[in-house]
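Visitor: Take a look at this one; I'll ask things after.
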Amino acid sequence: MAVLVTGGTGFIGSHTCIELLNAGEEIVVADNFSNSKPEVLNRLKKITGKDIPFKKVDLCDEAETEKLFKEYKIDEVIHFAGYKAVGESVAEPLMYYENNLGSTFNIIKMMKKYGCKRIVFSSSATVYGIPETVPIKEDFPISAINPYGRTKLFIEEILRDLCVSDADFSVVLLRYFNPIGAHESGLIGEDPKGIPNNLMPYICKVAAGKLPILSVYGNDYPTRDGSGVRDYIHVVDLAKGHVCALDYMRKNKGAKAINLGTGNGYSVFELVRAYEKASGITVPFKVTERRPGDAAECYADPSLAKELLGWSAEYGVDRMCEDVARWQKMNPDGYGD
Ligand code: WQD
Numbered sequence: 158m159a160v161l162v163t164g165g166t167g168f169i170g171s172h173t174c175i176e177l178l179n180a181g182e183e184i185v186v187a188d189n190f191s192n193s194k195p196e197v198l199n200r201l202k203k204i205t206g207k208d209i210p211f212k213k214v215d216l217c218d219e220a221e222t223e224k225l226f227k228e229y230k231i232d233e234v235i236h237f238a239g240y241k242a243v244g245e246s247v248a249e250p251l252m253y254y255e256n257n258l259g260s261t262f263n264i265i266k267m268m269k270k271y272g273c274k275r276i277v278f279s280s281s282a283t284v285y286g287i288p289e290t291v292p293i294k295e296d297f298p299i300s301a302i303n304p305y306g307r308t309k310l311f312i313e314e315i316l317r318d319l320c321v322s323d324a325d326f327s328v329v330l331l332r333y334f335n336p337i338g339a340h341e342s343g344l345i346g347e348d349p350k351g352i353p354n355n356l357m358p359y360i361c362k363v364a365a366g367k368l369p370i371l372s373v374y375g376n377d378y379p380t381r382d383g384s385g386v387r388d389y390i391h392v393v394d395l396a397k398g399h400v401c402a403l404d405y406m407r408k409n410k411g412a413k414a415i416n417l418g419t420g421n422g423y424s425v426f427e428l429v430r431a432y433e434k435a436s437g438i439t440v441p442f443k444v445t446e447r448r449p450g451d452a453a454e455c456y457a458d459p460s461l462a463k464e465l466l467g468w469s470a471e472y473g474v475d476r477m478c479e480d481v482a483r484w485q486k487m488n489p490d491g492y493g494d
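Under the working numbering, think of the first position of the sequence shown as 158, with each following residue one higher.
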């Protein structure tokens, strides 16, 4: 009776493994290390004291994926595995469709073949495109503005169609807002390959002297200080939301999309100041042009998660920055080579 965590050595996946184990769940992790490192498994053991069953798997290979379901009795899947860089998806759309959709097709095929009827999917607020208003509710119009976002949208629709075709399936589509932070131990955290696309890891690299300066993508937005506003959510809060989603699926059939956000928006300048306070390091920045496709404001109405999952975010942006500053200080080169 295990929960299969695909992409379980990634940033959100690894934090979710800890919360699943803390909740007494039995887990199996599958990953191909395309955006993570084997060292994560050592860190998870240090934190939890447990050897987590792990398989290095290319989920785009049907036979390899089937081996997982043959070897383990899998009752639920939490599906994180997938490419997630917006810019890269624009340059390499076919690679994104092949990988993100192909791996999901194999997972679903094997779930059906081996009688596994519950899946939590790692979706994203990116499916809302540029929202007309905020806060964002789950019934807002969905659209995608890049191939990465379209893979999330397509997989949501595929899983909805699956539930229409088979009423025994339970699907929770968790729409993440902006996950940042790190486990309080400082042993696991976000370790993006190359130059970070996202704000928090970029701030960390500048503060650590590994990048010279932060570019603030526009200060002329209609927001309280002109910079972009986002719903930053502690990755541990996000992880706990997945444990609640498991419980929900065990009591409810059908497909449900649920926002995982705090409901609070913070601007770029506010996040920079919060990190400076937490780390004691000044972060040099310059204001540049807006980044194409960016919304002025994007933050969640988290009331449905509270109603259906009994979940709400606990940590504020100061704690997020304290935890990520500790991770950065303890791991200046991330998980290393
Ligand atoms: C946040 C804010 C930028 C970098 C993306 C994906 C989304 C999800 C989360 C996966 C914006 C500004 C950023 C920088 C900046 N990922 N910024 N300088 O764009 O809200 O969401 O990551 O699911 O799908 O779209 O996050 O961290 O890139 O940007 O000024 O160097 O920081 O303009 O206002 P975003 P982000």
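The beta carbon of each residue, even a glycine, is placed where N, CA and C say it ideally should be.
Quick caveat: nothing in here was measured; it's all calculated off a predicted structure.
When the Cα atoms are used, what is the spatial distance from Thr-205 to Ile-175?
Guide: By 1-based counting over the sequence shown, the position of residue 205 is 48. By 1-based counting over the sequence shown, the position of residue 175 is 18. So the two alpha carbons sit approximately 7 Å from each other.
Visitor: For Ala-402, tell me which candidate among Thr-173, Phe-168, Ile-390 and Lys-241 has the shortest Cα-Cα distance.
Guide: By 1-based counting over the sequence shown, the position of residue 402 is 245. Nearest of Thr-173, Phe-168, Ile-390 and Lys-241 to Ala-402, Cα basis: Thr-173.
Visitor: According to the Cβ coordinates, are Val-284 and Lys-413 closer than 7 Å?
Guide: On the sequence shown, position 127 is the one that residue 284 refers to. On the sequence shown, position 256 is the one that residue 413 refers to. For Val-284 and Lys-413, no; Cβs fall outside 7 Å.
Visitor: Using only the alpha-carbon positions, how far apart do Ser-469 and Pro-349 sit?
Guide: In the sequence shown, counting from the first residue as 1, residue 469 sits at position 312. In the sequence shown, counting from the first residue as 1, residue 349 sits at position 192. Their Cα atoms are separated by approximately 27 Å.
Visitor: In the segment 176-252, which residue ranges form an unbroken alpha helix (DSSP H) of at least 4 residues, counting only runs that do not cross its ends?
Guide: If we require 4 residues or more, the alpha helix (DSSP H) runs fully inside the segment 176-252 come out as 196-205, 219-228 and 243-248.
Visitor: Let me check you understand the geometry: is the CB of Thr-419 closer than 6 Å to at least one non-hydrogen atom of the ligand WQD?
Guide: As a first step, residue 419 must be located in the sequence shown, where it is residue number 262. No; taking the cut-off as 6 Å, the Cβ of Thr-419 has no heavy atom of the ligand WQD nearer than that.
Visitor: How many angstroms separate the CA atom of Tyr-423 from the CA atom of Pro-441?
Guide: One-based indexing of the sequence shown puts residue 423 at position 266. One-based indexing of the sequence shown puts residue 441 at position 284. Their backbone Cα atoms lie some 19 Å apart in a straight line.
Visitor: Go to Val-328, then tell me how far its beta strand (DSSP E) extends in each direction, as first and last residue.
Guide: Your numbering for residue 328 matches position 171 in the sequence shown. Residues 327-333.
Visitor: Does the distance from the C-beta atom of Phe-237 to that of Gly-164 stay below 7 Å?
Guide: One-based indexing of the sequence shown puts residue 237 at position 80. One-based indexing of the sequence shown puts residue 164 at position 7. Contact flag set, yes.
Visitor: By Cβ distance, which residues of its chain are closer than 8 Å to Leu-113, with the 5 residues on each side in sequence left out?
Guide: Past the edges of the chain, shown from 158 to 494, lies residue 113, and the structure says nothing about it.
Visitor: Quick one: residues in its chain with C-beta nearer than 7 Å to the C-beta of Ile-264, no 5 flanking neighbours on either side, listed in chain order?
Guide: Within the sequence shown, the letter at position 107 stands for residue 264. Excluding residues within five positions, the ones whose Cβ falls inside 7 Å are Thr-163, Leu-216, Thr-222, Val-234 and His-236.
Visitor: Is it true that the CB of Phe-426 sits closer than 7 Å to the CB of Ser-372?
Guide: Here residue 372 refers to the residue found at position 215 when the sequence shown is read from its first residue. Here residue 426 refers to the residue found at position 269 when the sequence shown is read from its first residue. For Ser-372 and Phe-426, no; Cβs fall outside 7 Å.
Visitor: Select from Cys-273, Asp-494, Asn-409 and Thr-308 the residue whose C-alpha is nearest the C-alpha of Val-247.
Guide: The residue you call residue 247 lines up with position 90 of the sequence shown. Here the closest residue by C-alpha is Thr-308.
Visitor: Can you give the Cα-Cα distance for Asp-490 and Phe-226, rounded to whole angstroms?
Guide: Within the sequence shown, numbered from 1, the residue matching residue 490 stands at position 333. Within the sequence shown, numbered from 1, the residue matching residue 226 stands at position 69. Each residue's alpha carbon lies about 35 Å from the other.
Visitor: Can you find a heavy atom of the ligand WQD that lies under 6 Å from the Cβ of Thr-166?
Guide: Stepping through the sequence shown from its first residue, residue 166 is reached at position 9. Answer for Thr-166: no, Cβ out of range of the ligand WQD.
Visitor: Where do the ends of the beta strand (DSSP E) carrying Ala-431 lie?
Guide: As a position in the sequence shown, residue 431 is number 274, starting the count at 1. Element bounds for Ala-431: not the beta strand (DSSP E) but the alpha helix (DSSP H), 425-436.
Visitor: When burial is assigned at 16 or more other CB atoms within 10 Å of the CB, is Ile-287 buried or exposed?
Guide: As a working note, residue 287 is residue 130 in the sequence shown. Ile-287 comes out exposed.
Visitor: Candidates Arg-407, Glu-446, Gly-338 and Leu-251: which alpha carbon is nearest Arg-476's?
Guide: Here the question's residue 476 lines up with position 319 in the sequence shown. Ranking Arg-407, Glu-446, Gly-338 and Leu-251 by Cα distance to Arg-476 puts Gly-338 first.
Visitor: Roughly how many angstroms separate the alpha carbons of Lys-212 and Gly-244, rounded to a whole number?
Guide: The residue labelled residue 212 in the question sits at position 55 within the sequence shown. The residue labelled residue 244 in the question sits at position 87 within the sequence shown. Spanning the two alpha carbons is a distance of roughly 29 Å.
Visitor: Looking only at its own chain, which residues have a Cβ that is under 6 Å from the Cβ of Leu-161, when we skip the five neighbours before and after it?
Guide: Numbered from its first residue, the sequence shown carries residue 161 at position 4. Val-185, Ile-231 and Val-234, listed in sequence order.
Visitor: Under 6 Å from any heavy atom of the ligand WQD, does the C-beta of Ser-260 make it?
Guide: Along the sequence shown, one-based indexing puts residue 260 at 103. Not so, every heavy atom of the ligand WQD lies at least 6 Å from the Cβ.
Visitor: Check each candidate in Val-197, Val-214 and Asp-218 and name the one with the smallest Cα separation from Asp-208.
Guide: Here residue 208 is taken as the residue at index 51 of the sequence shown, counted from 1. The option with the nearest alpha carbon to Asp-208 is Val-197.
Visitor: How is the alpha helix (DSSP H) around Phe-278 delimited, first residue to last?
Guide: Stepping through the sequence shown from its first residue, residue 278 is reached at position 121. Careful: Phe-278 lies outside any alpha helix (DSSP H), inside the beta strand (DSSP E) at 275-281.
Visitor: May I ask whether a heavy atom of the ligand WQD can be found less than 6 Å away from the beta carbon of Val-186?
Guide: Stepping through the sequence shown from its first residue, residue 186 is reached at position 29. No, the beta carbon of Val-186 sits no closer than 6 Å to any heavy atom of the ligand WQD.
Visitor: Would you identify the three-state DSSP class for Tyr-254, choosing helix, strand or coil?
Guide: In the sequence shown, the residue the question calls residue 254 occupies position 97. Looking at Tyr-254 - three-state DSSP - the assignment turns out to be helix.
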